[in-house]
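Just below is one structure, and these are the notes that go with it.
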Amino acid sequence: MTTQSTALITGASTGIGATYAERFAQRGHDLVLVARDKARLDALAQRLRDERQVAVDVLQADLTNQADLATVEARLRDDARIDILINNAGMAQSGGFEQQTAESIDRLIALNITSLTRLAAAAAPRFAQAGAGSIVNLGSVVGFAPEFGMSIYGATKAFVLFLSQGLSLELVPKGVYVQAVLPAATRTEIWERAGIDVNTLTEVMDVDELVDAALVGFDRRELITIPPLHVAERWTALDGARQGLLADIRQAHAADRYRQQA
Ligand SMILES: NC(=O)C1=CN([C@@H]2O[C@H](COP(=O)(O)OP(=O)(O)OC[C@H]3O[C@@H](n4cnc5c(N)ncnc54)[C@H](OP(=O)(O)O)[C@@H]3O)[C@@H](O)[C@H]2O)C=CC1
Ligand SMILES: CC(=O)[C@H](N)C(=O)O
1 MTTQSTALIT GASTGIGATY AERFAQRGHD LVLVARDKAR LDALAQRLRD ERQVAVDVLQ
61 ADLTNQADLA TVEARLRDDA RIDILINNAG MAQSGGFEQQ TAESIDRLIA LNITSLTRLA
121 AAAAPRFAQA GAGSIVNLGS VVGFAPEFGM SIYGATKAFV LFLSQGLSLE LVPKGVYVQA
181 VLPAATRTEI WERAGIDVNT LTEVMDVDEL VDAALVGFDR RELITIPPLH VAERWTALDG
241 ARQGLLADIR QAHAADRYRQ QA
């Protein structure tokens with residue numbers, strides 16, 4: 001079955017993105033697959049066309065490259081069939097903060113923050129105009145956890161969470177659904193790419209289980225989906241505490257504890 005609805009998925013050549021591609025093809029969606037490795041994208045695209053009878057386009061792009069990013073933005077702006085953006089492409093951090101170079105910092109932020117934000121910004125006006133569409137952003141539980149020693153990666157994922165919360169407030173009233181998916185350790189190539197042996201981790205989720213759970217949240221139109229969080233009330237409490245903190249910020253005067261002692 002082919003529907004008119006098309007999902008554009010970044011980082012679709014492997015891992016979580018490739019699994020999203022499988023699932024959306026199963027649901028009858030046409031696809032636009034984005035990543036750098038064209039041979040892998042072509043092989044996945046051909047298999048999904050054959051097995052699922054959906055239309056699949058391949059868009060080779062390095063999302064840290066300005067010209068490539070602009071091409072994907074243009075596709076999102078101009079292709080009215082695309083009504084789902086899976087903002088998934090991302091990379092992890094190799095080494096601690098002191099081991100980072102200017103180049104590694106730029107690349108991590110360019111992929112995990114800049115490209116994700118610019119692609120959401122390319123899609124949002126058209127989705128809002130249509131009164132429909134979905135933007136799914138891949139964050140991480142590391143965005144809650146400076147303790148994990150991946151300070152820049154975690155900061156990029158904290159950004160993704162905040163951005164998704166803000167976009168949801170702005171876009172839901174216009175008919176656009178926004179979801180932030182926050183996995184914990186999931187068995188994909190991201191670990192090897194960052195020089196970490198995934199087999200040294202004690203608990204790792206299978207990528208199929210992760211994406212299936214994320215899609216349960218998608219179908220429920222959840223804003224925040226945290227598949228490995230077993231006690232849902234933890235998130236409710238955290239977000240409630242944040243809103244309580246906001247209620248106790250009074251900007252006209254400093255709090256008593258910051259007043260100079262006479
Ligand atoms: N796996 C995990 O444990 C967790 C993952 N996440 C997040 O999930 C998302 C997907 O991760 P995962 O599937 O594990 O990672 P993988 O490393 O398995 O896949 C990453 C995907 O992104 C693509 N990609 C990488 N760099 C670029 C680039 N410069 N331009 C375009 N595409 C690029 C890769 O394709 P190619 O090389 O062909 O370009 C690949 O398709 C990421 O945002 C990650 O941070 C969050 C929490 C945990
Ligand atoms: C993929 C990572 O490096 C990270 N630990 C995460 O769980 O997001």
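The UniProt record's numbering puts the last residue of the sequence shown at 262; the count rises by one with no breaks. Positions of the beta carbon are idealized from the N, C-alpha and C atoms, including for glycine. Model, not experiment: these values are computed from the prediction.
Regarding residue i and ligand 3, is the C-beta to nearest heavy atom distance less than 8 Å?
| i | result |
| --- | --- |
| Pro183 | No copy of ligand 3 appears in this structure; the ligands present are ligand 1 and ligand 2. |
From residue i to residue j, what distance separates their C-alpha atoms?
| i | j | result |
| --- | --- | --- |
| Leu161 | Tyr258 | 31 Å |
| Ser140 | Ala61 | 23 Å |
| Asp69 | Ser115 | For the record, residue 69 in the displayed sequence is Leu; it is not Asp. C-alpha separation (whole angstroms): 7 Å. |
| Ile109 | Gln260 | 40 Å |
| Thr193 | Asn112 | Rather than Thr, the amino acid found at residue 193 in this sequence is Arg. Rounded to whole angstroms, Arg193 to Asn112 spans 15 Å at the Cα level. |
| Pro146 | Gly154 | 7 Å |
| Leu201 | Ala262 | 55 Å |
| Gly17 | Val142 | 19 Å |
| Met1 | Leu215 | Reliability of the predicted coordinates at Met1 is poor, the pLDDT of 44 falling under 50, and no value is obtained from them. |
| Glu189 | Thr156 | 19 Å |
| Ser134 | Ala128 | 10 Å |
| Ala132 | Val176 | 5 Å |
Kindly indicate which residue of the options has the alpha-carbon position closest to the one of residue i.
| i | options | result |
| --- | --- | --- |
| Leu138 | Ile105, Leu85, Gly175 | Leu85 |
| Leu41 | Leu171, Leu238, Asp57, Ser134 | Asp57 |
| Leu31 | Val231, Ala67, Arg75, Gln66 | Arg75 |
| Phe218 | Ala12, Tyr20, Ala185 | Tyr20 |
| Leu163 | Met150, Ala124, Ala184 | Ala124 |
| Ala130 | Arg220, Thr117, Val172 | Val172 |
| Leu48 | Asn65, Leu59, Ile224, Arg23 | Arg23 |
| Arg221 | Glu51, Val178, Lys174, Gly166 | Val178 |
| Gln66 | Arg52, Asp208, Phe97, Asp106 | Asp106 |
Name the DSSP beta bridge partners of residue i, please?
| i | result |
| --- | --- |
| Met150 | Per DSSP, none; premise fails for Met150. |
| Asp57 | Val32 |
| Val178 | Ile135 |
| Asn87 | Asn137 |
Since I believe residue j is in contact with residue i (beta carbons under 8 Å), could you give me their beta-carbon distance rounded to a whole number of angstroms?
| i | j | result |
| --- | --- | --- |
| Thr10 | Leu119 | 7 Å |
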